Amino acid sequence: MVSQISSQLDGSIVSGSDAKASFSDIQAAYDAGLPLFSKDALRAMGAQPQQYRDGTQDKTTLRAIGVDGHEMDYIADAADRKHIRISYESIQALTTGDGLWEGVLSNQKFFAAAFAHITEYTGQDSSQEDLDVATVAERARINEMPTTGLYTAFMDETNKWKKTEPFMHEMRRIWDANKVASAGVDNIVAFACGPLIWNSQIAVHSILQHALILSLRDYLLEKGSSHVDDYPCYAQDPAYSDRDKAVLGSLGITTLEDPNGFLKADDHSIVLSFYPNVPVKQIIADLCRPAVIIWGTPMDYPCTDPDSTRVDEMLQKEYDRVDLPYDDAFHPTVMYCKKT
1 MVSQISSQLD GSIVSGSDAK ASFSDIQAAY DAGLPLFSKD ALRAMGAQPQ QYRDGTQDKT
61 TLRAIGVDGH EMDYIADAAD RKHIRISYES IQALTTGDGL WEGVLSNQKF FAAAFAHITE
121 YTGQDSSQED LDVATVAERA RINEMPTTGL YTAFMDETNK WKKTEPFMHE MRRIWDANKV
181 ASAGVDNIVA FACGPLIWNS QIAVHSILQH ALILSLRDYL LEKGSSHVDD YPCYAQDPAY
241 SDRDKAVLGS LGITTLEDPN GFLKADDHSI VLSFYPNVPV KQIIADLCRP AVIIWGTPMD
301 YPCTDPDSTR VDEMLQKEYD RVDLPYDDAF HPTVMYCKKT
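What follows is the structure, encoded as structure tokens:
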């Protein structure tokens, strides 16, 4: 099946019945076990955008690696260095034509990870219409908030949440019941928890998602090793500002450039992800078997992080499912513990 796919990677335009045949081939290859994502491919691609953004790579050609090992050169816009990113596609996007590569060269149809110029979100709300003077002033204050102020806001929201919400008490009971502390965990990796300031406002949901990372770490420390370095915490989100990175770093969360979070995740990780804009579930299913997974409930396509037959098979055969209590910061969330 892979050879059939490779024979179609000739750069010609595919449409109509030919496109349907191509989509059918990639779906059949996926069903047969062909990974869309691999750590080797992501590692080879990963350094290129950062080097291009910071100017250490002068050439404008970046090389993507396809699902069957086929390579493709991406000609980046030399006038727009800072927005180059890896773009990820789910199996559904690759086989329906709904993905980023709709209407372009056929060989790009088979790149689940490629490059694109993606505009960064600054966290600031540029629209001030229909806002009263006090609100405009408050949003301006937040936009200019120093790192120390954002740290204080983070701690205030976290402490309030822990004192007033039953969520964490119930979570600890669930972690105890499912023996999370003895699951062989030695790191925590989170994806797409979001910037700490959003639309010129303190992003409480993002703060609490990061607070859950720290709560898991503290729980593991309480139940096992007393050395914080034994449970490093990592978070990957391209929307982090330098201010976010400084605050999270001071709390013990190391922020990672894409795709380094995916490279850190392994069979001893707790992986967290709450309704991201990339197919985290499908990427993780190809890369590793984390000890514990906490992410959103199964969702059908179209969405940015859909389940798939491979994700479903992994979770059903290899994990025990535990539905978690609802909290507005996380929406419907499920925990999966690897079967012993």
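For the sequence shown, UniProt numbering puts the final residue at 340, and the numbers step up evenly by one.
Here a beta-carbon is modelled for each residue, glycine too, at the ideal position from N, C-alpha and C.
Because the structure is a prediction, the values reported are computed rather than measured.
When the beta-carbon positions are compared, Gly-296 and Phe-262 stay at least 8 Å from each other.
Excluding five sequence positions before and after His-268, the CB atoms of its chain that fall closer than 7 Å to its own CB belong to Gly-184, Val-185, Asp-186, Asn-187 and Ala-291, given in chain order. Asp-40 and Tyr-88 have their C-alpha atoms some 15 Å from each other. Taking a C-beta distance under 8 Å as the contact criterion, Arg-63 and Asp-77 do not qualify as a contact pair.
Taking all protein chains in view, the Cβ of Asp-237 is crowded by 16 or more other Cβ atoms within 10 Å, so the residue is classified as buried. Within the DSSP bridge table, the entry for Asp-258 names no partner. In this chain, Thr-61 is not harboured by any alpha helix (DSSP H); it is covered by the beta strand (DSSP E) spanning 61 to 65.
In the three-state DSSP reduction, Ser-22 falls in the helix class (H, G or I). Comparing alpha-carbon positions, the option among Phe-111, Asp-328, Val-322 and Val-67 lying closest to Arg-172 turns out to be Val-322.
Pro-49 counts as buried, since at least 16 other C-beta atoms from the protein chains shown sit within 10 angstroms of its C-beta.
Cβ-Cβ distances below 6 Å link Glu-157 to Val-204 and Ile-207 in the same chain, with the five nearest sequence neighbours on each side left out; the list follows chain order. The residue among Gln-92, Thr-340, Pro-195 and Thr-60 with its C-alpha nearest the C-alpha of Tyr-30 is Gln-92. In the three-state reduction of the DSSP assignment, Val-185 falls in the coil class. The straight-line gap separating the alpha-carbon atoms of Ile-75 and Ala-28 is approximately 30 Å. Setting aside the 5 residues that flank it on each side, Thr-95 is surrounded in the same chain by Phe-23, Ile-26 and Gln-27, each with a C-beta closer than 7 Å to its C-beta; the list follows chain order. Across the set Lys-162, Ala-246, Leu-216 and Asp-300, the C-alpha of Leu-216 shows the shortest separation from the C-alpha of Ala-181. In this structure, DSSP gives Phe-154 a helical state, which the three-state scheme calls helix.
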